[in-house]
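*Asks:*
Protein chains in written order, with the numbering used here: chain A, 32 to 471; chain B, 32 to 471.
(1) Using alpha carbons as the reference points, say which of A:387, A:283, A:147, A:168 lies closest to residue 136 of chain A.
(2) Output the residue ranges of the alpha helix (DSSP H) runs that lie fully inside the region 434-470 of chain B and measure 4 residues or longer, sorted by chain position.
(3) What residues in the region 358-383 of chain A bring their beta carbon closer than 9 Å to a beta carbon of chain B?
(4) Would you mind telling me which residues of chain A sit closer than 9 Å to residue 205 of chain B, beta carbon to beta carbon, in chain order?
(5) Just checking: is the beta-carbon of residue 388 of chain A within a distance shorter than 8 Å of some beta-carbon in chain B?
(6) The beta strand (DSSP E) that contains residue 290 of chain A, what's its start and end?
(7) I want to verify the contact list: residues of chain A whose CB lies under 9 Å from the CB of residue 151 of chain B, in sequence order.
(8) Along the region 75-98 of chain B, where does the CB come closer than 9 Å to a CB of chain A? Name the residues.
(9) Return the first residue and the last residue of the beta strand (DSSP E) that residue 272 of chain A is part of.
(10) Okay, do the region 304-323 of chain B and the region 441-460 of chain B touch, 3+ Cβ pairs below 8 Å being the bar?
(11) Mind listing which residues of the region 166-188 of chain B have their C-beta closer than 7 Å to chain A's C-betas, in chain order?
(12) Are residue 49 of chain B and residue 65 of chain B close, meaning C-beta to C-beta below 8 Å?
(13) Suppose you measure from the CA of residue 186 of chain A to the CA of residue 311 of chain A; what does that come to, to the nearest Å?
(14) Relative to the alpha-carbon of residue 41 of chain B, which residue among B:190, B:89, B:373 has its alpha-carbon at the smallest distance?
(15) For residue 427 of chain A, decide whether its Cβ has a neighbour in chain B, counting only Cβ atoms nearer than 8 Å.
(16) For residue 445 of chain A, which of A:335, A:324, A:350, A:397 has the nearest alpha-carbon?
(17) Can you list the residues of chain B that residue 147 of chain A reaches, using a CB-CB cut of under 7 Å?
(18) On the CB-based measure, 16 or more other CB atoms within 10 Å of its CB, does residue 33 of chain A come out buried or exposed?
(19) Please list the partners that residue 463 of chain B has in chain A, where partner means a Cβ-to-Cβ separation under 8 Å.
(20) Assess contact between the region 77-94 of chain B and the region 189-209 of chain B, defined as three or more Cβ pairs (one per stretch) separated by less than 8 Å. Is contact present?
(21) Pick from B:251, B:335, B:338, B:229: whose alpha carbon is nearest that of residue 76 of chain B?
(22) On a CA-only basis, which of B:355, B:179, B:287 is nearest residue 488 of chain A? Give me that one, please.
(23) Any beta carbon of chain A sitting closer than 8 Å to that of residue 116 of chain B?
(24) For residue 198 of chain B, I'd like the list of residues in its chain whose CB is within less than 7 Å of its CB, leaving aside the five on either flank, ordered along the chain.
(25) Rounded to the nearest angstrom, how far is the Cβ of residue 353 of chain B from that of residue 343 of chain B, given a contact under 8 Å?
(26) Here's the rule: buried if 16 or more other CB atoms are within 10 angstroms of the residue's CB, otherwise exposed. What is residue 233 of chain A?
(27) In the structure shown, what three-state DSSP assignment does residue 363 of chain A receive?
(28) Reducing DSSP to helix, strand and coil, say where residue 46 of chain B ends up.
(29) Closest to residue 392 of chain B by C-alpha separation, out of B:194, B:132, B:375, would be which residue?
(30) Starting from the Cα of residue 297 of chain B, find the closest Cα among B:181, B:309, B:226 and give me that residue.
(31) What three-state label does DSSP hand residue 210 of chain B in the structure shown?
(32) Give me the Cβ distance between residue 107 of chain B and residue 67 of chain B, rounded to the nearest whole Å; I'm assuming they're in contact under 8 Å.
(33) Kindly confirm or deny that the region 173-186 of chain B and the region 108-118 of chain B touch, where touching means at least three C-beta pairs closer than 8 Å.
(34) Per DSSP, residue 145 of chain B is paired with what?
(35) Please report the straight-line C-alpha distance between residue 345 of chain A and residue 193 of chain A, rounded to a whole angstrom.
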């Protein structure tokens with residue numbers, strides 16, 4: 032089993048990181064809206080960004096920056112204005128933001144990475160940002176992860192945070208992460224932002240490879256409504272402050288670190304999926320028997336993204352036909368007589384044909400899986416703050432939030448070795464309500 | 032402008048076709064459920080079928096049949112049972128269905144094409160089919176198109192029918208079509224079926240090429256919820272009974288015929304989109320400035336399929352940000368500073384940046400576009416039956432149904448010559464209600 036344990040502290044759990052989150056006056060609501068993640072030393076930096084042609088200025092800025100130099104000291108994130116579709120002035124705003132934080136930290140502005148979330152077409156309120164940055168820097172502390180996690184949300188119902196610890200050789204190594212997403216109650220605030228910190232020492236190209244693979248197995252496997260934002264950003268820092276030997280190529284140590292990185296990303300990705308707009312549960316679709324992992328992931332993601340399937344799950348209807356139909360149109364060839372579908376422990380289809388099953392019991396299985404512990408309003412933290420110390424296995428609030436709301440679908444499409452998983456949420460009245468009932 | 036006019040008669044408007052629709056007892060509702068389209072002579076036949084790996088027996092049957100011999104005398108379509116995921120017995124049922132109709136018509140069973148719609152995993156009720164076929168054949172007449180159109184629906188709110196007439200040389204040539212789709216009130220009844228008849232003489236390979244291109248510009252450009260059925264089928268017959276010279280290669284005559292075939296398919300496709308579950312309007316997205324037509328179509332279809340965009344349209348919110356974001360993630364490269372977005376006559380974005388516009392007026396434009404004339408329950412015909420005679424330009428019921436419910440979005444992504452259009456509908460509470468409120 033997993034060779035790590037959970038610790039408190041989020042992105043400040045790894046050694047040598049500080050974080051902060053303040054109210055700078057960017058959001059009309061007066062809620063926290065400016066976040067900082069700071070490494071004590073220049074850290075190796077890797078990033079995965081939106082594939083959209085329509086991108087925010089911060090995305091272009093980070094891409095250029097990481098291509099020139101795969102390292103950074105700090106990440107500055109604002110919420111309230113997406114700074115996307117803002118043209119050349121948006122680009123200048125991004126440059127100025129980096130310069131201002133660089134000056135406040137006495138580091139070159141090339142060591143600053145940027146992220147934005149909020150309304151598309153709106154520039155960052157630069158006056159508020161200018162006066163906020165010194166305050167933000169002054170607040171930075173090694174217990175600041177939760178404050179940062181709260182300052183990056185837009186309309187998420189909960190903040191999302193995790194930290195894991197393992198050992199490389201005999202020394203502890205930690206990876207922490209925070210993210211936001213899927214709370215698009217106001218239009219155009221659809222953004223996935225995730226920030227990961229690590230205190231291992233890794234070579235830049237290997238860290239980027241690890242992050243890209245981890246993203247493919249986590250954030251790229253969740254879908255709330257199939258829409259991709261202009262601002263989606265995943266940045267991971269590795270600052271070497273655990274004093275473990277530098278990892279420069281794949282091997283046992285690298286695999287262990289990558290597995291933990293993947294676990295952090297999957298935890299955060301699932302937290303986004305279950306906080307999807309109007310969601311009443313988390314759906315996990317496991318596909319096996321494919322020719323390779325990529326094919327399996329594609330089938331899993333197609334199923335979990337099907338509007339018909341998502342509606343059936345909202346109705347707690349064990350509708351194997353919609354699962355079979357979605358698997359069939361995923362673009363991955365397979366023999367339909369090899370198709371097997373399970374819902375929890377209920378075998379619904381085998382050899383491509385439906386089996387008799389206890390519909391009431393299967394529906395009951397789904398009815399029991401509900402995110403009843405998810406707060407229905409306001410932003411609350413699900414992971415208490417801390418300075419990196421271990422917490423008991425009973426994770427209290429976080430644990431209650433995470434358990435027993437996952438509806439599991441297992442699909443086998445053949446005899447191949449490829450397996451893959453995707454996560455999503457159901458399609459409810461509230462999704463439509465949230466996204467349509469906006470008075471223009 | 033278009034070099035044709037609309038006539039009455041649906042699939043029996045072209046010369047040499049009969050049709051029928053009866054209640055054979057396949058649907059539990061007792062509504063018509065068995066349809067026949069019959070050509071007086073062996074007709075050239077082309078088909079486009081679901082790309083899903085999970086397919087109905089009738090799809091495999093038609094594919095094999097058309098590969099062996101690109102001609103047919105008759106199409107038999109049942110509603111009520113999809114005969115998909117029914118294994119080898121479903122295949123034998125399909126073969127028997129073709130054999131039975133062939134015997135009743137005294138034609139080889141190889142001249143029969145098949146289509147099914149209804150519940151996935153259910154075999155056709157063969158006893159009802161066996162006793163229904165003689166009755167069906169007896170009913171076949173040159174005014175039978177509407178009866179056939181009613182017998183192929185599942186839970187569509189309206190039947191869909193069209194016939195157009197032009198001249199090749201100095202002789203009249205006609206294309207008629209009926210289709211069903213998008214009425215998936217009961218689970219697993221999601222099927223797009225479309226049948227087109229033509230009395231021109233065309234070579235088999237050219238007819239298939241024309242049909243494939245027409246499908247790419249019509250049925251393949253509509254989306255209700257992104258789900259593809261196990262049974263999707265488009266079949267087009269061309270029987271030469273107009274006595275026009277055979278068309279064997281592309282040229283002026285072929286282009287004229289293909290343009291009319293495309294118009295028939297687009298009319299039927301739009302009728303399906305506006306009858307989408309819970310739809311309150313038809314959305315047409317026109318994309319220009321792409322490098323080629325395929326790229327333009329892809330951007331258009333991505334926009335019209337975006338759940339966020341569809342929800343905004345339901346709320347009649349002129350949300351250009353969701354249009355820009357969907358265009359950006361369509362997988363087609365373009366420079367975001369070339370992006371232009373119009374809603375009706377309102378210019379919302381130019382040079383990749385939002386423009387000031389009258390939000391209230393733009394929202395009003397959308398509010399006026401509503402399918403208020405769409406019947407809210409029961410199945411009614413929107414195109415009165417007839418024997419092929421011309422009707423005045425005022426198409427009364429059909430015309431009222433079709434006008435003034437189309438919200439037009441125009442997007443330009445550059446200076447290329449590629450243009451493409453896609454059609455869809457908004458995402459409403461009723462979509463979720465229809466697909467979730469199913470008591471297991």
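Glycine included, C-beta positions come from ideal geometry on N, C-alpha and C. In this text the structure is predicted, and so the values were computed from the model without any measurement.
*Replies:* Let me lay it out:
(1) A:168
(2) 460-467
(3) 358, 359, 360, 361, 362, 363, 364, 365, 366, 367, 368, 370, 380, 382, 383
(4) Here the premise fails: no neighbours, minimum Cβ distance about 34 Å.
(5) no
(6) Looking at the DSSP string, residue 290 of chain A is not in any beta strand (DSSP E); the run it does join, the alpha helix (DSSP H), is 283-305.
(7) 351, 352, 353, 355, 356, 385
(8) 81, 82, 83, 84, 85, 86
(9) Element bounds for residue 272 of chain A: n/a, residue is neither H nor E.
(10) yes
(11) none
(12) no
(13) 17 Å
(14) B:190
(15) Summary for residue 427 of chain A: the model assigns pLDDT 31, below 50, so the residue's position carries little reliability, and this model does not support an answer.
(16) A:324
(17) Ordered by position in chain B, no residue passes the 7 Å Cβ test against residue 147 of chain A, which lies about 14 Å from the chain.
(18) exposed
(19) 342, 345, 458, 459, 460, 462, 463
(20) no
(21) B:229
(22) Lying before the first or after the last residue shown, residue 488 of chain A is absent from chain A, which here runs from 32 to 471.
(23) yes
(24) 204
(25) 5 Å
(26) buried
(27) coil
(28) coil
(29) B:375
(30) B:226
(31) strand
(32) 6 Å
(33) yes
(34) B:107
(35) 28 Å
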